[in-house]
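All letters in the sequence shown, in the order written, are residues 1 to 199 by UniProt numbering.
Backbone N, C-alpha and C define an ideal beta-carbon position, used for all residues, glycine too.
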Amino acid sequence: MVIRGAKPEDAEKAAELISMAWDELACIFAGSKDKEEVNKVISTFCKEKNNRFSYEYIDIAEKDGKIAGLVLAFPAEKEMKLNIPIIKKLPYMYKRKISNYKEEVVPMLSSEEAKPGEYYIDSIAVHPNYRKNGLGKKLLMVARKRALKKGFKKVSLIVKPKNKGAIKLYKSSGYNMDGTVDMPSTDYYRMVKKYTVEV
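Right under this line is the structure:
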């Protein structure tokens, strides 16, 4: 298994995994329930710099030349700044009425998922063919190393309450509950891991 930084040409496969991680929020984001349409919208942003889906913030897990999983993470302080290019460009790609965009997408992209001083894991996903092999935990470690290298002592993420498997993984990796984040589909749990020493 090779871990590497993503490239613009990884955008299509990366978008599929991000859509998987975002689940129904990805459909709300793109204004479509069609997987291909959703992936196309996210892929557009993955190819570009300076937005929350950019390849710049993605680490890829690759096995035998195939993308097995990814982790997308960035400093919490950048969250709103990285949303601005999306808020400006997305209306031209959005598949539903602009009123839906204003009512659902703008509030979603305006909600504070992470707090200052945290390194935020926006998305972590493992392709179904590569699950049950500890890759999720390995990707969490990749994000942790990035965070510590940049001087962060806290790593955070959000997770849907019904995603028991992910919650179990995060708890076993040292993440603790830290409130909720209001999203269009449901409230998400916020989970945070603190580091006192660099390991």
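- Scanning the region 84 to 151 for uninterrupted beta strand (DSSP E) segments of 3 residues or longer gives 118 to 126, listed from N- to C-terminal end.
- Contact between V126 and G117 is ruled out by a C-beta separation of about 28 Å, above the 8 Å threshold.
- Residue nearest to Y92 within the set I121, G31, K150 and V2 is G31 (criterion: CA-CA distance).
- As the crow flies, the alpha-carbon of G174 is around 6 Å from that of K193.
- In this structure, the beta-carbon distance from Y120 to F152 does not fall below 7 Å.
- The beta strand (DSSP E) runs lying completely inside the region 23 to 70 and spanning 3 residues or more are 58 to 63, given in chain order.
- In the three-state DSSP reduction, G165 falls in the helix class (H, G or I).
- Pairing R96 with G134, the inter-Cα distance amounts to about 38 Å.
- In this structure the region 58 to 70 does not lie against the region 79 to 90, because fewer than three pairs of beta carbons, one per stretch, are closer than 8 Å.
- The beta carbon of A11 lies closer than 7 Å to those of S43, C46, K47 and Y55 in the same chain, with the five residues before and after it left out.
- A73 has I121 as its beta-bridge partners, per DSSP.
- Inclusion of V71 and I124 in the CB contact set at 7 Å is warranted, their separation being smaller than that value.
- The continuous stretches of beta strand (DSSP E) do not include Y175, and DSSP gives it neither H nor E.
- Taking 7 Å as the cut-off, the beta carbon of P184 is found no closer than this to the beta carbon of E79.
- K132 and K63 have their C-alpha atoms spaced approximately 15 Å apart.
- In this structure, Y130 sits away from V159, with a CB-CB distance that is not shorter than 7 Å.
- Boundaries of the beta strand (DSSP E) around D187: D187 to K194.
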